[in-house]
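Working notes, beginning with the structure itself.
Residue numbers (the working numbering), protein chains in the order written: chain S, -14 to 528; chain X, 25 to 187.
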């Protein structure tokens, strides 16, 4: 079989000692950065991205995949032990994870998280192994108008699924496209929007932008408060679940894995939305829904399995269409471009070692996560005891070096700092930053596909309507916009009532227990889960 | 107003929206986007526009800038939602932090990596986080040495240590 022999080649790539070493390093460092309060997978990848540029393409993406898994798992540790989620999707982790930790079952919570992630990830990778090559074949027949429509759809999905005001997200996405347009015009080859600055003629790189927005901005936000004392973490005893816990969770894990896999393929589907859905499903079919939010192990397991499954299947649109579905994969996309590898339908032909190497390394990364991170849980949780006053300056210096090392350019560092300052304010003003980074990555693709379409059609916009697939994508976009406008108009009349409800008890309808032991003065990032949770019922209700 | 009151106030405001005073600082974010989009529009208008059939370098940025301006204006009109407020204390702190951080690339051109990196860490730990001198100096020394070894030596990046 062609597929299996290719996969075997992929394993040969992934199993080379150097690649194994890098995936291991990636998993460990990713876990460490991911567990730092406030820093999620996007920040972890952004900060470590420059390090991978010195590596071969296959090795680089294998290490990035390791960082991705590691940081996702790492983010679960403060979410469960301290109720400090580093990203939106680990907000759902805190719902049952933190109550479990308070009941003295922190170890089991972390253990079942690892096991659920492993099973979810593995199921998704098996699905990806068989689905991705088929889709890549089909995707190679997609033309410029379809690609343009698909980028518009991908960007719209990120905006409409994301948190916060849609108008704010959309305007930020527009800005992302404009920032990406700085540099050399892709067709005419002339500089544009450079304002006469030589440094800008090569354009602004993904690294300074991502490190600034997601790394430095986050650190600035954490540093805003003077008080950064050590946190009291719950003690970790038993890690492996007992038989009763396993029996209670096994089907939840399976259901959530399959659900997560399919949700992850959709644009914007990786991560948060899948964990919210899986949590909702388990709660609905559970015989004891009243336990959810009070330490239901099956709720936690489902969340994590779905999250990891969707994060893995999110690689499908990236590898087959060249479309990153979320901000983490947008960074991986940027990393590949800098390696002169263009993800897309041709990837499987031009760089089969990357395509199958990545898939093989995902299997390995997942296994490493389980066999390596589970025994290390106690060590990792000790890192949480290092106060932010020490960690923040170290992160800044490492981030500077990373940005500098890409082009040996201090100008890039200045750009990163400016984006860090911008990111700090965006965070204060509750902008969802994912649309920016996705627009920044998708902008140039959008533009060149648009210009190509216009050349094909000789300037007629009919080309987007005449081709059924392009039309379908654009109709979905139109439906999203119409739906959002409609629900906003309907919502404004109820805003006042909803505001009172959301402020009084976050997530009154869906997660009745969240606010029970809410500690208002615990720490700064506490604000995030409250907002996300408060928004969740609206999004679920509308969708 | 004593300190207990001022600490309790933001919390009370969050819990009861009626206590929220109007304020327009939440419009600053979209305003910044609007200003940047206008700047981009002026830069884009100087470029050859081309035609729809043969788009020039200016067409795409012009269209996107105009769309962004419209969206930003729309976003500016939104009522305050969950935007955080700025306390004078926090603003002063982050301003000092921004200046300190921006000193790094400025100094780097004159004295290389080691001094600005160590100085930044010591400044942040000693003056912004009130750690002890000893602790600050130890962390700064170790971090700078390890970072230089990893990036400058092991990864082979051209990183001037002192000049």
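Just so you know, even glycine gets a beta-carbon here, dropped at the ideal spot from N, CA and C. Computed from a predicted structure; not experimentally measured.
Quick one: residues in its chain with C-beta nearer than 8 Å to the C-beta of residue 365 of chain S, no 5 flanking neighbours on either side, listed in chain order?
Excluding positions up to five away in sequence, the list reads 16, 17, 20, 59, 62 and 358.
Identify each residue in the segment 392 to 409 of chain S for which the Cβ-Cβ distance to at least one residue of chain X is less than 7 Å, and report them in chain order. From the segment 392 to 409 of chain S, only 393, 395, 398, 399, 402, 406 and 409 have a Cβ closer than 7 Å to chain X.
Rounded to the nearest angstrom, what separates residue 95 of chain S and residue 74 of chain X at their Cα positions?
Spanning the two alpha carbons is a distance of roughly 58 Å.
* Asked: From what residue to what residue does the alpha helix (DSSP H) around residue 118 of chain X run?
  -> Per DSSP, the unbroken alpha helix (DSSP H) holding residue 118 of chain X starts and ends at 112 to 135.
_So the candidates are S:465, S:473, S:-3 and S:-11; which of them puts its Cα closest to the Cα of residue 137 of chain S?_
Comparing Cα positions, the closest option is S:465.
- Query: The alpha helix (DSSP H) with residue 90 of chain S in it runs from where to where?
  - Reply: Residue 90 of chain S -> no alpha helix (DSSP H), and no H or E assigned at all.
Practice problem: Could you name the residues that DSSP lists as bridge partners for residue 42 of chain S? | Solution: Note: residue 42 of chain S sits in no beta bridge, so no partner.
message = Give me, in chain order, the residues of the same chain whose beta-carbon lies closer than 6 Å to that of residue 86 of chain X; leave out the 5 immediate sequence neighbours on both sides.
response = Here the set comprises 68.
Item to complete: Kindly indicate if chain X contains any beta-carbon less than 9 Å away from that of residue 377 of chain S.
Response: Yes, because at least one Cβ of chain X sits closer than 9 Å to the Cβ of residue 377 of chain S.
Proximal residues, the segment 156 to 172 of chain X versus chain S, C-beta separation under 7 Å
Under the 7 Å Cβ criterion, the segment 156 to 172 of chain X contributes 163, 167 and 171.
Worksheet item: Which stretch, first to last residue, makes up the alpha helix (DSSP H) that contains residue 424 of chain S?
Response: Its alpha helix (DSSP H) spans residues 419 to 442.
May I ask you to list, following chain order, the residues of the segment 139 to 156 of chain X that have a beta carbon less than 8 Å from some beta carbon of chain S?
Within the segment 139 to 156 of chain X, those residues whose Cβ lies closer than 8 Å to any Cβ of chain S are, in chain order, 141, 144, 145, 148, 149, 152, 153, 154 and 155.
For residue 4 of chain S, three-class secondary structure by DSSP | Helix.
ask   = With residue 145 of chain X and residue 157 of chain S assumed to form a contact (beta carbons below 8 Å), what rounded beta-carbon distance in angstroms separates them?
value = So it is not a contact: roughly 32 Å between Cβ atoms.
Check: Under a CB-based cut-off of 9 Å, is residue 156 of chain S close to chain X?
Finding: Yes, its Cβ sits closer than 9 Å to a Cβ of chain X.
**Asked** Taking the alpha-carbon positions, what's the residue 295 of chain S to residue 84 of chain X distance?
**Response** Taking the straight line joining both Cα atoms gives about 34 Å.
Q) In chain order, what residues of the same chain lie with their CB nearer than 6 Å to the CB of residue 112 of chain S, ignoring the 5 residues before and after it? A) Only 246 meet the Cβ criterion.
Problem - 9 Å Cβ cutoff met for residue 134 of chain S and residue 437 of chain S - result: No; because the gap between Cβ atoms is not below 9 Å, this pair is not in contact.
- Item | Residues, ordered as in the chain, of the segment 111 to 123 of chain X that lie near chain S by beta-carbon distance below 7 Å | Correct list: 114, 117, 118, 121 and 122.
Residue nearest to residue 149 of chain S in terms of C-alpha spacing, selected from X:66, X:103, X:123 and X:156
Residue X:103 holds the alpha-carbon nearest to the alpha-carbon of residue 149 of chain S among X:66, X:103, X:123 and X:156.
Quiz item: Any idea what DSSP makes of residue 74 of chain X, helix, strand or coil?
Solution: Shown here, residue 74 of chain X sits in a strand according to DSSP, grouped into three states.
Checklist entry - With DSSP run on the structure shown, which of helix, strand or coil describes residue 189 of chain S? => result Residue 189 of chain S: coil per DSSP, three-state reduction.
- Nearest-angstrom Cα separation, counted from residue -8 of chain S out to residue 62 of chain X: One C-alpha to the other measures close to 50 Å.
Using only CA atoms, which one of S:57, S:404 and S:181 lies nearest to residue 288 of chain S?
Per the Cα distances, S:57.
*What do you get for residue 331 of chain S, buried or exposed, if any count of 16 or more other CB atoms within 10 angstroms of its CB means buried?*
In this structure residue 331 of chain S is exposed. Its beta-carbon is surrounded by fewer than 16 other beta-carbon atoms within 10 angstroms.
| task | Leaving aside the five residues before and after residue 342 of chain S along the sequence, list all residues of the same chain whose C-beta is less than 7 Å from its C-beta, in chain order. | result | Closer than 7 Å at the Cβ level, and outside the excluded window around residue 342 of chain S, lie -5, -2, -1, 43 and 47.
Span separating the alpha-carbon of residue 259 of chain S from that of residue 298 of chain S: Using only the alpha carbons, I get a separation of about 11 Å.
Subject >> residue 379 of chain S (DSSP reduced to helix, strand or coil) >> reply: Reduced to three states, the DSSP call for residue 379 of chain S is helix.
Let me check understanding here. Comparing Cα to Cα, which of X:148, X:81, X:135 and X:88 lies closest to residue 123 of chain X? The residue among X:148, X:81, X:135 and X:88 with its C-alpha nearest the C-alpha of residue 123 of chain X is X:148.
Among X:180, X:185 and X:112, which one has its Cα closest to the Cα of residue 140 of chain X? Nearest to residue 140 of chain X by alpha-carbon distance, out of X:180, X:185 and X:112, is X:185.
(message) Alpha carbons only, please: which of S:67, S:121 and S:107 is nearest the one belonging to residue 242 of chain S?
(response) Among S:67, S:121 and S:107, the Cα nearest to that of residue 242 of chain S belongs to S:107.
### Query
Mind pulling the alpha helix (DSSP H) runs of 4 or more residues that sit fully within the segment 323 to 370 of chain S?
Within the segment 323 to 370 of chain S, complete alpha helix (DSSP H) segments of at least 4 residues are found at 332 to 335, 337 to 353 and 359 to 368, given in chain order.
With 9 Å set as the bound, which would you pick, yes or no: does the beta-carbon of residue 222 of chain S sit closer than that to a beta-carbon of chain X?
It does not; no Cβ of chain X falls within 9 Å.
How about residue 301 of chain S and residue 116 of chain S: do their beta carbons lie closer than 9 Å?
With respect to residue 116 of chain S, residue 301 of chain S sits close: the two C-beta atoms are nearer than 9 Å.
One question on the structure: do residue 180 of chain S and residue 315 of chain S come within less than 9 Å of each other, judged by their Cβ atoms? No, they are not a contact pair.
key: Contacts of residue 383 of chain S in chain X (Cβ-Cβ under 7 Å)   = When 7 Å is used as the limit between beta carbons, residue 383 of chain S is near these residues of chain X: 171, in chain order.
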